[in-house]
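Quick notes on the structure that follows.
Protein chains: 4
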Amino acid sequence: MCRWIAYRGETTALEHYVTEPSHSLISQSIHALESTASVNGDGFGLGWYGTHPEPGLYRELRPAWSDENLRYLCRHLQSHLFFAHVRAATGTPVTRPNCHPFACGRWMFMHNGFVGGWNRLRRQVEALIPDKLYPSRIGTTDSEALFLAIMGAGMNDPVAATAQTLARLAALVGQTEPADRLRFTAALSNGQDLYAFRYAVNDRANTLYYREEANNIVVVSEPLDSEPGTWLSVPENHVLIAAAGERARILPLLYRQREAAE
Amino acid sequence: MCRWIAYRGETTALEHYVTEPSHSLISQSIHALESTASVNGDGFGLGWYGTHPEPGLYRELRPAWSDENLRYLCRHLQSHLFFAHVRAATGTPVTRPNCHPFACGRWMFMHNGFVGGWNRLRRQVEALIPDKLYPSRIGTTDSEALFLAIMGAGMNDPVAATAQTLARLAALVGQTEPADRLRFTAALSNGQDLYAFRYAVNDRANTLYYREEANNIVVVSEPLDSEPGTWLSVPENHVLIAAAGERARILPLLYRQREAAE
Amino acid sequence: MCRWIAYRGETTALEHYVTEPSHSLISQSIHALESTASVNGDGFGLGWYGTHPEPGLYRELRPAWSDENLRYLCRHLQSHLFFAHVRAATGTPVTRPNCHPFACGRWMFMHNGFVGGWNRLRRQVEALIPDKLYPSRIGTTDSEALFLAIMGAGMNDPVAATAQTLARLAALVGQTEPADRLRFTAALSNGQDLYAFRYAVNDRANTLYYREEANNIVVVSEPLDSEPGTWLSVPENHVLIAAAGERARILPLLYRQREAAE
Amino acid sequence: MCRWIAYRGETTALEHYVTEPSHSLISQSIHALESTASVNGDGFGLGWYGTHPEPGLYRELRPAWSDENLRYLCRHLQSHLFFAHVRAATGTPVTRPNCHPFACGRWMFMHNGFVGGWNRLRRQVEALIPDKLYPSRIGTTDSEALFLAIMGAGMNDPVAATAQTLARLAALVGQTEPADRLRFTAALSNGQDLYAFRYAVNDRANTLYYREEANNIVVVSEPLDSEPGTWLSVPENHVLIAAAGERARILPLLYRQREAAE
């Protein structure tokens, strides 16, 4: 059960969102509130877009709270679209390649959730990754496999690709009796548009909030400060779409999923 | 505010004390109970005596809970006298040399506590380390400096050396108005005898418990299981002496300290 | 192109073979002689058998030459059968799970070599791992995949299982024009018997030497000292079998492989 | 014996100097040419100035050649004045705080060299650090101690402060018979001006080269490419001063040192 934050808006230093708020992601790494895992100390990562079309990544297996580099980078890196993630591992090793975000070409992804019965389903999920993307699987997490499966589903319509992949996942976790659970609360971006998903099968979905001010939107696992009225919850099984230069829209994901599955 | 465990007795695999108990040191690393810092994720260490007169050390800056090596070592290492420590840093960096235990020749030391006003007092504490031991200062913690100061005070009588050093520390932290605090709950050994100290100046001392069964004694920051009746508390400002082959004795440290200071 | 050492014989401290010799594995980590990669600084590992039926592992992503823990462990760990390995990565990330040796139940394995065209062949090699062993794939190297494929081929006859797996590999690398290369110089053990393989397809095999004295045998990538007359080379495409309590035998592997393939 | 590079000029991505050249600093980390230590695998660091008056730092104890984060950062970080350093440790532990560059307020420093007899002289060198800067000593290297001693000598005239500190060092290393050696090839900056020193006592100085083109200057331990005619050597016991917006000047350091000592 990880914690993350995604930002799209005016170019800003990452520190204003990652390290400075009263309940910043860094403070969530050692003491999260709305999570079953209160400690998220199994590595962390930053991903950001700048002038280069592909995102930059800084991922490290130490806890975020004691990483000196992270504080320097959050002060010095400026971006119009960035992700930050603190990890609570659910079985796979604590390595840099298993830390979020993941990048593939222009795309970047991070995840809070899990595929239940991963040991049983891993091969079938990995089989969703097309051959040409399989060399991009440099870690061993369920999250990275989901990302590459989504990438392989065709990124012309990223929401449809995600919905289609989730429909396949829903079928996989439903094979057993009792059924396995799936939780998928994730962010996806191409450097222009930001997509955030809140979804679950056979389980409650992990929390997801956002705050929109002028052209800036922040999407988070849990609020960064105690002004709760300003944070809106994304409903379960919905997707938030914050396209470049547009206000965020919240759409039902189940509908899209059903549509995709047909 | 760290957590630690010290063992002296029959040769045994470390896992029986470090990883297996219901509230083992590993579980304390992610969720300590009797501590102001409930997470002790700033590195950890093992120290143990075998056939070689000098102890072995395994220290690592990752959290103990996610370290695969630690589980293998606790299963395979057997020792009649060992230390294990999980760290919650109080200002100095998270590096291996700043992890406990510390070793110097045949001696080994670990600590839970702090020297208040360390930035102001550091030079004066380091000045207590004799020149010939100063090359052994490979880290930057207050704990390592205290250890080397004790080592320099003459180890023919390790309790007197510790009491003398603590008397000097008490004088240093008392220089200011308001006075600084000192907390010192530490274990010391030469591979035969085990000493455990619980002491504080201008503050409450950190907790210290022990359990003695036949020839085995375990000394801990907090009980390893929920059989609380079997755990005895070491009183504040006392030292526990578990000499080789003898029952543990609890002696007042203040008396020895006063004596040493005169 | 990695470097490794395997020992089977009288119980001894690892330091006599890993850290002390004039051209020890540690010195090979920073300056190997008979290797295309003179620096083997992409992590290292120890694996050893003790009283527990499963081996212990210590793997770390730092270079071996600067790891303080490694020196302590080599001094304090004693074993009748151990492996040590320094890594020069050939494309997969520098993580602990990608460091050798690998363990699976009672078995332990390490490797010097590579599967050419890994990005193309990875899926087919991973498909050789049976479902029940796939959860044991915690890293992403070709070496670990080969180990689990061998394990899956049935360990009643480990040489036959290895030969069978190599025959399958030989078929895979031979699919393309020009053919890919395969180098496989590996050690395998169950805690009693030691097997060392030297094999290649479409390429020269990596070097492999051994020295046998009384009941002790050491198998190495390159000699540990400059007494070259005492080191014997294992011929290409042969296997060295040092069964518990027996003298080493050298057998042709191609013959066994052909046999296995039939 | 480390390797480093310093840049001052037009704002540029770090990759053009740190990772891309044919003999880049990264390639020097695994195979330096003009150095007694051909492997510089004991950690590395980046330091750069941006819009914030204090520099950013990224320091890591892994070898530079296998660090994925470093490649991302060199692509995405842009700066008008940056340092990069790969370390070959000369006795102090491989920790992040022992990696170069070091920062103190607006100032940044990195070093290639050593103080001979460091175990004997360490206390005397640390005594050159004024009390108010002693909390900034977070590592244990001779290099960091030299930097803080220089900082304490008054930064109104950084060359005079360095010369004065070196004069004191020269006196310290000259106390013994035979005299100890001192090698000091270092870079210093406040974000506007770049200073590079090449100095030695009782020894040859480490190499130092620079290339100046238009308003850009690069100062390096060894040339980054095989266009040797374009690289000029800084003479021993000289300082290169590249003040903001000015051409570089080379001045004798001995003279300044003598002056400072008087």
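Chains as they are written, first to last, in the working numbering: chain D, 1 to 262; chain Z, 1001 to 1262; chain H, 2001 to 2262; chain B, 3001 to 3262. Think of the CB as a built atom: it goes at the ideal place given N, C-alpha and C, for glycine as much as any other residue. Since the structure is predicted, the reported quantities are computational estimates derived from the model, not experimental observations.
Practice item. Measure how close the beta-carbons of D:Q192 and D:A244 come, nearest whole angstrom, since I'm counting them as under 8 Å. Key: That belief holds up - the Cβ atoms of D:Q192 and D:A244 are roughly 4 Å apart, short of 8 Å.
Review point. Whose Cβ in chain B lies nearer than 8 Å to the Cβ of Z:R1123?
Key: Simply D3131, Y3134.
Exercise for review: Using only alpha-carbon positions, find the residue among D:P21, D:C99, D:S221, D:T12 that is nearest to D:A186.
Suggested key: The alpha carbon of D:A186 has as its nearest neighbour, out of D:P21, D:C99, D:S221, D:T12, the alpha carbon of D:S221.
Review point. Touch check for the segment 2201-2221 of chain H and the segment 2145-2157 of chain H: three-plus C-beta pairs under 8 Å?
Key: No, the segment 2201-2221 of chain H does not touch the segment 2145-2157 of chain H.
Exercise for review: With DSSP as the reference, label D:L14 as helix, strand or coil.
Suggested key: Coil at D:L14, not helix or strand.
Exercise for review: Could you check what DSSP says for H:I2217 in three-state terms: helix, strand or coil?
Suggested key: The DSSP-derived three-state label of H:I2217 is strand.
**Study point:** C-beta neighbour in chain H for B:D3042, strict 7 Å
**Key:** The Cβ of B:D3042 sits closer than 7 Å to at least one Cβ of chain H.
Practice item. Identify whether D:P252 lies in helix, strand or coil by the three-state DSSP scheme. Key: Here D:P252 sits in strand by DSSP.
Check your understanding: Looking only at DSSP bridge pairs, what is H:C2002 linked to?
Key -> DSSP output for H:C2002 lists no bridge partner at all.
Check your understanding: Looking at B:R3075 and B:E3015, is the spacing between their C-beta atoms short of 7 Å?
Key -> Contact flag set, yes.
Point to revise | Distance between Z:A1103 and H:F2082 (C-alpha atoms, nearest Å) | key: Taken atom to atom, the span from the alpha-carbon of H:F2082 to that of Z:A1103 is near 27 Å.
Check your understanding: Going along chain H, which residues have a C-beta under 7 Å from B:V3086?
Key -> Residues of chain H whose Cβ lies closer than 7 Å to the Cβ of B:V3086 do not exist, since the nearest Cβ in that chain is about 12 Å away.
**Study point:** Where H:N2237 falls, given that 16 or more other Cβ within 10 Å makes a residue buried
**Key:** By the neighbour-count criterion, in which 16 or more other beta carbons inside 10 Å mark a residue as buried, H:N2237 falls on the buried side.
**Study point:** Reduced DSSP secondary structure (H/G/I, E/B, other) of H:I2129
**Key:** In the structure shown, H:I2129 sits in coil (DSSP, three-state: anything other than H, G, I, E or B).
Review point. Cα separation between H:V2125 and H:R2181?
Key: H:V2125 and H:R2181: Cα-Cα distance of roughly 14 Å.
Check your understanding: Going along the segment 3066-3078 of chain B in order, which residues come within less than 9 Å of chain H, judged by CB to CB distance?
Key -> Taking 9 Å as the Cβ-Cβ cut-off against chain H, the residues of the segment 3066-3078 of chain B that qualify are S3066, D3067, E3068.
**Study point:** CB of B:L3061 within 7 Å of CB of B:R3008, strictly
**Key:** Taking C-beta atoms as the reference points, B:L3061 and B:R3008 fail to come closer than 7 Å.
Point to revise | Outcome for D:N98 when other beta-carbon atoms lying within 10 angstroms are tallied against a minimum of 16 | key: Buried is the call here.
**Study point:** Cβ-based neighbour list, D:Q257, same chain, cut-off 7 Å, excluding 5 preceding and 5 following
**Key:** Its pLDDT being 47, under 50, D:Q257 is placed unreliably in this model, and the value from its coordinates should be taken loosely. Taken in chain order, the residues that qualify are A163, L166, A167.
**Study point:** the segment 48-65 of chain D in contact with the segment 77-94 of chain D per 3-pair CB rule at 8 Å
**Key:** Two segments are said to touch when three or more pairs of C-beta atoms, one from each, lie closer than 8 Å; by this definition the segment 48-65 of chain D touches the segment 77-94 of chain D.
Point to revise | Boundaries (first-last residue) of the beta strand (DSSP E) holding D:N112 | key: Unbroken beta strand (DSSP E) run through D:N112: 107-115.
Check your understanding: Closer than 7 Å, CB to CB, is Z:V1050 near chain H or not?
Key -> In the sequence under discussion, the amino acid at residue 1050 of chain Z is Gly, which differs from the Val named in the question. Answer yes: the Cβ-Cβ gap between Z:G1050 and chain H drops below 7 Å somewhere.
Review point. Secondary structure at Z:V1234, three-state DSSP: helix, strand or coil?
Key: Coil at Z:V1234, not helix or strand.
**Study point:** Collapsed DSSP secondary structure at H:G2091 in the structure displayed
**Key:** If DSSP states are grouped into helix, strand and coil, H:G2091 belongs with coil.
Review point. By a C-beta neighbour count over all protein chains shown, 10 Å radius and 16 as the cutoff for buried, is D:D131 buried or exposed?
Key: Exposed, since its Cβ has fewer than 16 Cβ neighbours within 10 Å.
Review point. Smallest Cα separation from H:L2253: which of H:L2070, H:G2045, H:A2170, H:G2229?
Key: Minimum Cα distance to H:L2253 is reached at H:A2170.
Exercise for review: Give every residue of the same chain whose Cβ lies closer than 6 Å to the Cβ of B:A3242, excluding the five residues on either side of it in the sequence, and list them in chain order.
Suggested key: Cβ neighbours of B:A3242 beyond the five flanking positions: R3008, L3194, I3217, A3248.
**Study point:** Sequence-distant residues of the same chain with beta carbon closer than 8 Å to Z:N1069, five excluded per side
**Key:** The beta carbon of Z:N1069 lies closer than 8 Å to those of Y1058, E1060 in the same chain, with the five residues before and after it left out.
Review point. Which two residues bound the contiguous alpha helix (DSSP H) that contains B:V3039?
Key: Taken as a continuous stretch (DSSP letters only), B:V3039 belongs to no alpha helix (DSSP H), as it is neither H nor E.
Check your understanding: Beta-carbon of Z:P1093 versus every beta-carbon of chain B: anything under 7 Å?
Key -> Using beta-carbon distances, Z:P1093 counts as an interface residue toward chain B, with a partner under 7 Å.
Practice item. Quick one: residues in its chain with C-beta nearer than 6 Å to the C-beta of Z:T1012, no 5 flanking neighbours on either side, listed in chain order? Key: For Z:T1012, where only same-chain residues beyond five positions count, there are no Cβ hits under 6 Å.
Review point. Quick one: is H:P2063 near chain B, going by C-beta distance under 7 Å?
Key: Chain B places a beta carbon closer than 7 Å to that of H:P2063, counting this residue as a contact.
**Study point:** Beta-carbon spacing of D:V86, D:L25 below 7 Å
**Key:** Contact flag set, yes.
Review point. According to DSSP, is Z:E988 helix, strand or coil?
Key: Lying before the first or after the last residue shown, residue 988 of chain Z is absent from chain Z, which here runs from 1001 to 1262.
Check your understanding: By DSSP, does Z:G1056 sit in helix, in strand, or in coil?
Key -> Three-state result, Z:G1056: strand.
Point to revise | Interface flag, D:Y58 vs chain B, CB-CB below 7 Å | key: Taking Cβ atoms only, chain B reaches closer than 7 Å to D:Y58, which makes this a yes.
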